[in-house]
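Which chain is which? The protein sequence lines are A and B, in order.
Quick note, the first sequence lines up with residues 1 to 335 if you use the working numbering.
Quick note, the second sequence lines up with residues 1 to 335 if you use the working numbering.
Protein chains: 2
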Amino acid sequence: MEFKTIAFDVMGSDNGLIPAVDAAIKLLYERNDLKIIFVGNEIEINELLKTKKYDKKRIEIFNTTEVIEMTDGIMDIRRKKNSSMVKAIELVKNGKADAVASGGATAPFIAGCVFILKTLEGVKKTAFMPVMPTIKTGKVVLLLDAGANSENSGADLEKFASMANAYAKVILGVVDPKIGLLNVGEEKTKGLDYHREAYELMSKNSSINFVGNVESRELASGDVDILVSDGLTGNITLKAIEGMAKNLMKEIKAAITKTFFRKLKALGLRKAFKEVAAKFDYKNHAGAILLGLNNIAFKSHGSSDMQSFHATLRMTYEAIKNDVINKIKSALKVN
Amino acid sequence: MEFKTIAFDVMGSDNGLIPAVDAAIKLLYERNDLKIIFVGNEIEINELLKTKKYDKKRIEIFNTTEVIEMTDGIMDIRRKKNSSMVKAIELVKNGKADAVASGGATAPFIAGCVFILKTLEGVKKTAFMPVMPTIKTGKVVLLLDAGANSENSGADLEKFASMANAYAKVILGVVDPKIGLLNVGEEKTKGLDYHREAYELMSKNSSINFVGNVESRELASGDVDILVSDGLTGNITLKAIEGMAKNLMKEIKAAITKTFFRKLKALGLRKAFKEVAAKFDYKNHAGAILLGLNNIAFKSHGSSDMQSFHATLRMTYEAIKNDVINKIKSALKVN
Chain A
1 MEFKTIAFDV
11 MGSDNGLIPA
21 VDAAIKLLYE
31 RNDLKIIFVG
41 NEIEINELLK
51 TKKYDKKRIE
61 IFNTTEVIEM
71 TDGIMDIRRK
81 KNSSMVKAIE
91 LVKNGKADAV
101 ASGGATAPFI
111 AGCVFILKTL
121 EGVKKTAFMP
131 VMPTIKTGKV
141 VLLLDAGANS
151 ENSGADLEKF
161 ASMANAYAKV
171 ILGVVDPKIG
181 LLNVGEEKTK
191 GLDYHREAYE
201 LMSKNSSINF
211 VGNVESRELA
221 SGDVDILVSD
231 GLTGNITLKA
241 IEGMAKNLMK
251 EIKAAITKTF
261 FRKLKALGLR
271 KAFKEVAAKF
281 DYKNHAGAIL
291 LGLNNIAFKS
301 HGSSDMQSFH
311 ATLRMTYEAI
321 KNDVINKIKS
331 ALKVN
Chain B
1 MEFKTIAFDV
11 MGSDNGLIPA
21 VDAAIKLLYE
31 RNDLKIIFVG
41 NEIEINELLK
51 TKKYDKKRIE
61 IFNTTEVIEM
71 TDGIMDIRRK
81 KNSSMVKAIE
91 LVKNGKADAV
101 ASGGATAPFI
111 AGCVFILKTL
121 EGVKKTAFMP
131 VMPTIKTGKV
141 VLLLDAGANS
151 ENSGADLEKF
161 ASMANAYAKV
171 ILGVVDPKIG
181 LLNVGEEKTK
191 GLDYHREAYE
201 LMSKNSSINF
211 VGNVESRELA
221 SGDVDILVSD
231 GLTGNITLKA
241 IEGMAKNLMK
251 EIKAAITKTF
261 FRKLKALGLR
271 KAFKEVAAKF
281 DYKNHAGAIL
291 LGLNNIAFKS
301 HGSSDMQSFH
311 ATLRMTYEAI
321 KNDVINKIKS
331 ALKVN
């Protein structure tokens, strides 16, 4: 059997080793052609693994002595050459792993991936692309860039669209993905220069199904499969939506448990609330691929718990299994 | 008694005259020192008023023959000199009204207000400032600019902060409003040049209580009173949050009425849901002042219903009553 191998940087996230290791073991049980290389402090990892049951043939440890901290910047990638993050990325570069996943600091992760793995031919900027829930059951939307960049050109956005298009087809199984441009209004003249440039380029691109400008209020409508944006706007939109979903669920919980009578009634609706909460639980969408590289790289939230890491590793596995990089290369017509 | 007079452009919004006129009559009952000048087609307005009961001394009609349509652009302000929108703004300019309110097209409204009423001394850009709900009961947050501009400088953002500061004190009664800068992270180096410029300027401004960068997920937390942003990001954030609130409430409604048993239980929780829905009902927040002018100008959503127009007119009235323009002038130290 050909194994799918993930180099998993288990250091440097907010919640320590435990949720990362637990998530990996859980996924190893669920996918029997998966191998995980834990990259981090060998003693600590072994200490933890002692208490667990798992298939020893499918776990390796790559010992590292340094950690990229949340407060570290881009330059620390060069300073901490023996960090778990750098080494995990290098394992992919050297062909020891098929993909890298990390819950560590974002800016060093992007820099490390770009320096070590390099971007695809013709791709100037990478993009974070989370998979987000919509109100249509079973339907998700890909938002990119969700924050790898601060500024993007229209040409960047067109590349994002092409890459996401390939991803949506192969990973989500969408036949002809609908692609929208996140903007302040529907008319083609809306927004800034890079919006109009992106609109023009995507309209002319016959390989994608560009449906025009889409307002942020439509993000979760399920009407488009892919929403393209510059990194700053995409990041702020993502966080606004996550925050609102969280706040509103909290408010509803408070309102329905305010009195004894309400609590009693609410008991009978627990399943209903759980359904909605599960649909809009961003923990299931905590991981995002860093698109535009020669290899597969996934980033999980710094504050990831077991569920979040599990979702990220699952997506990483799916990307390997479906040979997503070659599909993207074909879409971009590069080698 | 000194009357507060609103010139109300009742043409050109999506839902016709009825919700606009009904909202005005409702507020006239609630505020006995309010006068409304309906600006629009006299025959249509009179036809409608025939069926209503109201204080005839406090309603006037200013007949106009043209309408700025939703599809009209900035230049149409000059082409349609006899439109209800232009005439309503002129009534303020000529001292016949204390403020203007409209549910018409946004771009022409901004252009008309800027051309006719002019911006305050030293203010280069106007800003839309909706009053938005937060999870803290009774606490709102002012977001500006929510879309009057596409691009803003750091200096624009500092002016927005000063104006919003005066507004929050006098209209919301907040003693020392906390002001945040909408950004992709909390560190002062985050974002684009204009963010860093705004951060610097606001930090140095001793007349305001600047608390630093705030991420969009904190918008509804109630931790800040004012959130300053460029117009494009502000607009996209506003719509993302509105859309998410609407989608989530819809999802919950669907989930709790999916089965007969759930419907039965949900009946007992109707009040709870209504409480949350009322809190996050953006109809109560559909109006936004266009800040930065020499006079008071409010814009209501193009799709406003009676409740939305009522909220907008109420805020317009409060702005007149509290002499908000002079308070802003003092804050900006201009005449």
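Here a beta-carbon is modelled for each residue, glycine too, at the ideal position from N, C-alpha and C.
Does DSSP put residue i in a helix, in a strand, or in coil?
i, result
"PRO341(A)", "Since the first residue of chain A shown is 1 and the last is 335, residue 341(A) is not available in this structure."
"PRO130(B)", "strand"
"ASP14(A)", "coil"
"THR119(A)", "strand"
"VAL21(B)", "helix"
"PHE309(A)", "helix"
"GLY234(A)", "helix"
"ASN63(B)", "strand"
"GLY154(A)", "helix"
"ILE45(A)", "helix"
"ALA331(B)", "helix"
"SER207(A)", "coil"
"ASN326(B)", "helix"
"PHE160(A)", "helix"
"ILE36(A)", "strand"
"ASP76(B)", "helix"
"ASN165(A)", "helix"
"ALA319(A)", "helix"
"VAL224(A)", "coil"
"ILE6(B)", "strand"
"ILE296(A)", "strand"
Would you report the Cα separation of residue i and residue j, rounded to the nearest angstrom?
i, j, result
"GLU2(B)", "ASP33(B)", "7 Å"
"ASP98(B)", "GLU66(B)", "23 Å"
"VAL21(A)", "GLY292(A)", "28 Å"
"ALA254(B)", "MET244(A)", "19 Å"
"ASP72(A)", "ALA311(B)", "48 Å"
"THR137(B)", "VAL276(B)", "10 Å"
"ASN94(B)", "LYS327(B)", "21 Å"
"LEU201(B)", "SER150(A)", "21 Å"
"ASP156(A)", "GLY154(B)", "26 Å"
"ALA107(B)", "ASP14(B)", "15 Å"
"GLU242(B)", "TYR282(B)", "7 Å"
"ASN41(B)", "THR119(B)", "29 Å"
"SER216(A)", "GLU60(A)", "43 Å"
"ILE81(A)", "THR259(A)", "The sequence shown places Lys at residue 81(A), not Ile. Cα to Cα, LYS81(A) sits roughly 57 Å from THR259(A)."
"PHE38(A)", "MET306(A)", "15 Å"
"ALA166(B)", "GLY173(A)", "53 Å"
"SER221(A)", "THR64(A)", "44 Å"
"ALA278(B)", "MET249(A)", "15 Å"
"LYS53(A)", "SER162(A)", "42 Å"
"ASP323(B)", "ILE171(B)", "9 Å"
"ALA286(A)", "SER303(A)", "9 Å"
"PHE309(A)", "GLY112(A)", "20 Å"
"VAL224(A)", "GLU197(A)", "20 Å"
"ALA207(B)", "LYS333(B)", "The amino acid at residue 207(B) is misidentified as Ala; the sequence shows Ser. Distance between the alpha carbons of SER207(B) and LYS333(B): 11 Å."
"THR336(A)", "ARG58(A)", "Residue coverage of chain A in this structure runs from 1 to 335, which leaves residue 336(A) outside it and unanswerable."
Would you say residue i and residue j are within 9 Å of each other, going by their C-beta atoms?
i, j, result
"THR233(A)", "LEU232(B)", "yes"
"LYS159(A)", "GLY122(A)", "yes"
"ILE320(B)", "ILE296(B)", "yes"
"PRO177(A)", "ASN205(A)", "no"
"GLU331(A)", "SER229(A)", "According to the sequence displayed, residue 331(A) carries Ala and not Glu. Result no, Cβ atoms of ALA331(A) and SER229(A) do not sit closer than 9 Å."
"LEU49(B)", "ILE36(B)", "no"
"ASP76(A)", "ILE89(A)", "no"
"GLU47(B)", "ARG314(B)", "no"
"LEU219(A)", "THR126(A)", "no"
"ASN152(A)", "TYR194(A)", "yes"
"GLY268(B)", "ARG262(A)", "yes"
"ILE116(A)", "ALA148(A)", "no"
"ASP9(A)", "MET85(A)", "yes"
"LYS265(A)", "ILE256(A)", "yes"
"ALA164(A)", "MET132(A)", "no"
"LEU17(B)", "PHE62(B)", "no"
"LEU238(B)", "VAL214(B)", "no"
Quick one: list the residues of chain D neighbouring residue i, beta-carbon separation under 8 Å, in chain order.
i, result
"PHE280(B)", "The structure shown contains no chain D; its protein chains are A and B."
| message | Between the stretch 180-196 of chain B and the stretch 94-103 of chain B, can you find at least three pairs of beta-carbon atoms closer than 8 Å? | response | no
| message | If we require 3 or more residues per run, which beta strand (DSSP E) segments fall completely within the stretch 170-202 of chain A? | response | 178-182
| query | Along the chain, which unbroken stretches of the alpha helix (DSSP H) at least 4 residues long are found entirely within the stretch 244-281 of chain A? | reply | 260-267, 270-279
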